[in-house]
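Note sheet for the following structure.
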Amino acid sequence: MPAGRSWRTPLPMATPRTGRALIDATRPYAKDDAARSWMETGLTLGLCTALETLILFEPHPVLRAVAIVLLGLMLVRAFILFHDYMHRAILRRSKLAKLVYPLVGWLLLTPASVWRRTHNYHHANNSKIVGSHIGSYPIMTTTMWRRARPMDRLRYRLVRHPLTQLFGYVTVFALGMCLLPLVRRPKDHRDALAALLVHGAWLGLVGFFFGGMAMLEAVVLPMMIATATGSYLFYAQHNFPDMNVQSREKWDYVRAALECSSFMDLPGWLHWLTGNIGYHHVHHLNPTIPFYRLPEAMDGIEELQEPGRTSLAPKDVWACLRLDLWDPRKKRMVSRGD
Numbered sequence: 001m002p003a004g005r006s007w008r009t010p011l012p013m014a015t016p017r018t019g020r021a022l023i024d025a026t027r028p029y030a031k032d033d034a035a036r037s038w039m040e041t042g043l044t045l046g047l048c049t050a051l052e053t054l055i056l057f058e059p060h061p062v063l064r065a066v067a068i069v070l071l072g073l074m075l076v077r078a079f080i081l082f083h084d085y086m087h088r089a090i091l092r093r094s095k096l097a098k099l100v101y102p103l104v105g106w107l108l109l110t111p112a113s114v115w116r117r118t119h120n121y122h123h124a125n126n127s128k129i130v131g132s133h134i135g136s137y138p139i140m141t142t143t144m145w146r147r148a149r150p151m152d153r154l155r156y157r158l159v160r161h162p163l164t165q166l167f168g169y170v171t172v173f174a175l176g177m178c179l180l181p182l183v184r185r186p187k188d189h190r191d192a193l194a195a196l197l198v199h200g201a202w203l204g205l206v207g208f209f210f211g212g213m214a215m216l217e218a219v220v221l222p223m224m225i226a227t228a229t230g231s232y233l234f235y236a237q238h239n240f241p242d243m244n245v246q247s248r249e250k251w252d253y254v255r256a257a258l259e260c261s262s263f264m265d266l267p268g269w270l271h272w273l274t275g276n277i278g279y280h281h282v283h284h285l286n287p288t289i290p291f292y293r294l295p296e297a298m299d300g301i302e303e304l305q306e307p308g309r310t311s312l313a314p315k316d317v318w319a320c321l322r323l324d325l326w327d328p329r330k331k332r333m334v335s336r337g338d
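Quick note on numbering: the numbering used here labels position 144 of the sequence shown as 144, and the sequence is numbered without any gaps.
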């Protein structure tokens, strides 16, 4: 960011751009540098491999514990690179990437067919009241909640519950991204079976050659950290105090990107580990911007410099987790007890 500039105090704009004009302003940033993308890919996968090796061969438990946490966070970064590849933001013309990134997705229990269907829908229908559950966490209005049947209320609470995020390894990824799509639409999601087999092979090989404890430390715990972190980040990106949910009739793509997608205020090293996905309002405005150019886009486009914010500070996490319903009268997210 240039000296003297702050996202909190943007320069005044004569006429803020909206709609197509604002999307067009992002296009100069939606250019992939293939060499940079391969460098980021190699660095990320190389560090994941190095940390996995350290966990398997390091005798000191403290060093292993540090490596477990770091591997979990690096897997988040690997997932974001897969996510960018699926958006065609990076390496869209690379034949090698067509081999590498599906394998990354399988290892992380994210088959491309399921991700493409649900995530593309999410981008095209970000925070719509009806259909928001596809590829995202559902949003009910206070009126919908009052009219909902007990079973629908229970299902809604379970899907949005913090424990569902904490155990995202099973709930969001193994079940939501693999098993359920495979059972419901087996012909459309054969790669969900591939993901289960490849991930199972990772577990099985580590367990066979190094033992059950090594499998726990080198695969299960890092995956639990990665999936819980990713599940919460995705939740907080579209469930935060400052969001403004539009009615289905008035829903607008650009407004949804700016008003229903948060900026996660993190230190630089955490932005790096999470692949800049915290610049989520920028990503939703134009998902073909490579992850490494999102900060540049936010700095260069003044209309993007005052987003709704959250962070990983405990008070902000609690402020997001306590939100349950959209109140059209109050024009804000509320808890069920409000």
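Virtual Cβ for every residue (Gly too), placed ideally from N, Cα, C. No experiment lies behind these values; they were computed from the predicted model shown.
Asked, Found
"Could you work out which residue in P181, K331, I129, P59 is closest to S113 when comparing CA atoms only?", "P181"
"If we count the other Cβ atoms within 10 Å of its Cβ and call it buried at 16 or more, is A3 buried or exposed?", "The pLDDT assigned to A3 is 36, lower than 50, so where the model puts this residue is not dependable, and the model offers no usable value."
"When the distance is taken between beta carbons, is C260 closer than 8 Å to N276?", "no"
"Relative to the alpha-carbon of Y121, which residue among G135, S127, L193 has its alpha-carbon at the smallest distance?", "G135"
"Only counting the same chain, and skipping five residues up and downstream in sequence, which positions put a Cβ closer than 7 Å to that of R322?", "S335"
"So within the region 73 to 119, which uninterrupted alpha helix (DSSP H) runs reach at least 4 residues, ignoring any that extend past its ends?", "95 to 107"
"Going by DSSP, what residue range makes up the beta strand (DSSP E) through W326?", "325 to 327"
"Taking only three categories from DSSP, how would you classify T310?", "strand"
"So M39 is in the alpha helix (DSSP H); what residue range does that whole segment cover?", "34 to 57"
"Would you kindly work out how many angstroms separate the C-alpha atoms of H238 and G230, rounded to a whole number?", "13 Å"
"Grab me the residues of T171's own chain with a C-beta within less than 6 Å of its C-beta, minus the 5 sequence neighbours each way, in chain order.", "T164"
"Buried or exposed, going by whether 16 or more other CB atoms sit within 10 Å of the CB of M223?", "buried"
"According to DSSP, what are the bridge partners of R332?", "D327"
"R332 to D324, Cα distance in whole Å?", "10 Å"
"Would you list, in sequence order, the uninterrupted alpha helix (DSSP H) runs of no fewer than 4 residues that lie entirely inside the region 251 to 278?", "253 to 259, 268 to 273"
"Would you list the residues sitting across from E140 in a DSSP beta bridge?", "With the sequence shown as reference, residue 140 is identified as Met, and Glu is not the correct amino acid for it. M140 is bridged to L325."
"Residues in its own chain within less than 6 Å of T15 by CB, not counting five upstream and five downstream?", "none"
"Rounded to the nearest angstrom, how far is the Cβ of F234 from that of D84, given a contact under 8 Å?", "Incorrect: roughly 15 Å between the Cβ atoms, too far for contact."
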